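Q: Got a structure for you, written out below as structure tokens; questions coming shortly.
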Amino acid sequence: MAQRTCLSLTMVVMVNATQSLPNISSGEHPGNIMNPVYNWSPDIQGIILSSIFYGTMIVQVPIGYLSGIYSIKNMIVWGLFLGSVFSLCIPPAAQVGETLVIVCRVAQGMAQGTIIAAQHHIWVQWAPPLEQGRLTTISLSGIHLGPFIVLLVTGFICDLLGWPFVFYIFGAYGCVLCLFWYVLFYDDPKNHPCISINEKEYITSSLAQQVSSSNLTTLPIKAMLQSLPLWAIFLCNFANIWTSNFTLMYTPILINSIAHVNMRENGLLSSLAPLFAYIISILGGQIADFLRSRNILSTITIRKLFTTLGMLFPVIFSMCMLYLSFNFYSIIICLIFANATTAFVFSGVQINALDIAPRFYGFLKGVSSVIGMVGGILSSTVTGLILNEDPETSWYKIYFLMSAINMLALIFYLIFAKAEIQDWAKESQETRL
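What the sequence shown shows, in mature numbering (1 follows the signal peptide of the UniProt record, and there is no 0), is residues -20 to -1, 1 to 413, in sequence order.
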């Protein structure tokens, strides 16, 4: 996520201040050597920011399938290495033109998509059933921790060394991380030399008790397509990724447009949202498990509660920012929490597929990720187009569109969501396409 996110902040200094004018041609604008500037219009910026999702989306299904056949260790190390190499290539690609930057971002997305798709299979081999929820939540929290770190330090790197070094530093960091991953990670706990025999026996014995999805010969595709609870999950994931991607990618640009702060201050302010999102995701998982283990609330009530918080709060804070904020600080507070509160869905809709179809969780997670990435692509692209056409009232239109998508998806989810295993997902079910 660090390599994916850094462009959203460096874009502020990469682009000419007059880039919003529609008649400016692409190319490099005379600037200093440390921070070359380019005349990229808002719609081109939107395409560049969203292009990484194209690559990620392409590989989700095939990599999800191959991760059950080939070594996850090797797949992730190659994905991390290639993604880091393409991060190193972005500054020289920008010198050539925006088309080559888009190509690098798509290729980087394919490499990172390999990591995203393959890493879910790690817990199949390593996580005991009673600990899968906790471990999954902790691992997903890195989605917010990475952007927090990169946004925090990117402003300082841009000021001290120039924006190209942001990509050089995080690209080099990824290459070094490959070595640690290759040495320390093992596909199977039975082969790991650094864990105790008792721990190995605990993991393997607990995993032996669960039904393996590898025995599945067919997928009940027709029944899945007719399942309203499943569509409720898909639509909410589309809306949530639309919102979280937009707020993550465009927060630095919005802060720059309303406050005109320097890069260090912009990075610091932008990093607060993923920091709070990280805290919310961890606390949300603990609270949800507490409510469920004590039978205070039913599973479906917990899922709907946290999904509502994660989709309604961003709308509320966005509207407050547009109409009730009266100074710089109130705008920043609303902007931060409009982004951070999306993390509540980690304890809601994001794991709801595990409730209704545990046997097909891996497959459904891949499909849900693809649908969510479509939302991520559209949010960046549509935002860029709106900013290019109407700079005066563009942010109002963008936030109203985001709010409408969130509310429609949330209403559908509250009506049709379930938390019981569906008939088509039960082991005795023989539904076929």
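Each residue gets a CB set at the ideal place from its N, CA and C atoms; glycine is no exception. Quick caveat: nothing in here was measured; it's all calculated off a predicted structure.
1) Indicate whether L271 and I280 have their beta-carbon atoms separated by less than 9 angstroms.
2) Rounded to whole angstroms, what's the CA-CA distance from L302 to I366? Just pull it up for me.
3) From the DSSP secondary-structure annotation, give me the bridge partner or partners of Y166.
4) Span of the alpha helix (DSSP H) holding W58?
5) Hey, how far is the Cα of G135 from the Cα of L187?
6) Can you tell me which of R339, V350, T322 and L68 puts its alpha carbon nearest to the alpha carbon of M291?
7) When burial is assigned at 16 or more other CB atoms within 10 Å of the CB, is V76 buried or exposed?
8) So, at 6 angstroms on beta carbons, what are the nonlocal neighbours of R244 in its own chain, with the 5 sequence-adjacent residues on each side left out?
9) Restricting to Cα atoms, I'd like to know which of K284, V362 and P294 is closest to Q25.
10) Tell me the DSSP secondary structure of G355 in three-state form.
11) Consult DSSP for H124 and reduce its assignment to one of helix, strand or coil.
12) Need the endpoints of the alpha helix (DSSP H) that K377 sits in, please.
13) Please name the residue in N246, S67 and M204 whose C-alpha comes closest to that of F147.
14) Just confirm the distance between the C-beta atoms of I235 and L249, as a whole number of angstroms; I'd bet it's less than 8 angstroms.
15) What's the C-alpha gap between I201 and V83?
16) Determine the direct distance from the alpha carbon of W143 to that of L(-12), and round the result to whole angstroms.
17) Whose CA, out of K170, S278 and F308, lies closest to the CA of Q105?
18) Distance check for W58 and F145, CA to CA, integer angstroms please.
19) Quick check for students: name the residue ranges of the alpha helix (DSSP H) that lie wholly in the region 236 to 307, counting only runs of 4 or more.
20) Over the uninterrupted alpha helix (DSSP H) stretch that includes K202, give me the two end residues.
21) So Q246 and V17 are in contact, right, with Cβ under 8 angstroms, and what is the actual spacing, rounded?
22) Report the three-state DSSP secondary structure of Q402 (helix, strand or coil).
23) Excluding the five sequence neighbours on either side, which residues of its own chain have a C-beta within less than 7 angstroms of the C-beta of H9, listed in chain order?
24) Assuming I336 and K398 are in contact, meaning their beta carbons sit under 8 angstroms apart, how far apart are those beta carbons, in whole angstroms?
25) Which same chain residues, not among the five before or five after W404, have their C-beta less than 8 angstroms away from its C-beta?
26) Taking three-plus beta-carbon pairs below 8 angstroms as touching, is the region 88 to 95 in contact with the region 25 to 40?
27) In terms of residue numbering, what span does the alpha helix (DSSP H) encompassing L334 cover?
28) How long is the line joining the alpha carbons of L252 and P127, rounded to whole angstroms?
29) Please determine, among F317, S119 and V156, the residue with the shortest C-alpha to C-alpha distance to F256.
30) Just the Cα atoms here: how many angstroms apart are E369 and G346?
31) Starting from the C-beta of F326, find all residues in its chain whose C-beta is less than 7 angstroms away, skip the five residues before and the five after it, and write them out in chain order.
32) Go ahead and label C174 buried or exposed: buried means 16 or more other beta carbons lie within 10 angstroms of its beta carbon, across all protein chains shown.
A: This is what the structure gives:
1) In this structure, I280 does not lie closer than 9 angstroms to L271 by Cβ.
2) 17 angstroms
3) None; Y166 has no bridge partner.
4) I52 to V76
5) C-alpha separation (whole angstroms): 45 angstroms.
6) That would be T322, whose Cα lies nearest to the Cα of M291.
7) exposed
8) G135, F136 and D139
9) V362
10) DSSP places G355 in helix when its eight states are reduced to three.
11) helix
12) S374 to F396
13) S67
14) 6 angstroms
15) 34 angstroms
16) 9 angstroms
17) K170
18) 23 angstroms
19) 243 to 273 and 279 to 303
20) Taken as a continuous stretch (DSSP letters only), the alpha helix (DSSP H) holding K202 covers I201 to L205.
21) For clarity, residue 246 is Asn in the given sequence; the question names Gln instead. The pair is not a contact, with the Cβ atoms about 16 angstroms apart (cut-off 8 angstroms).
22) Coil.
23) Low confidence applies here, because H9 scores a pLDDT of 45, under 50, leaving its location unreliable and the question unanswered by this model.
24) That pair is a contact at about 6 angstroms.
25) P200, A203, M204, S207, A337 and T411
26) yes
27) N332 to I336
28) 10 angstroms
29) F317
30) 35 angstroms
31) Correct list, in chain order: T117, L120, S261, G264 and G265.
32) With fewer than 16 other Cβ atoms within 10 Å, it is exposed.
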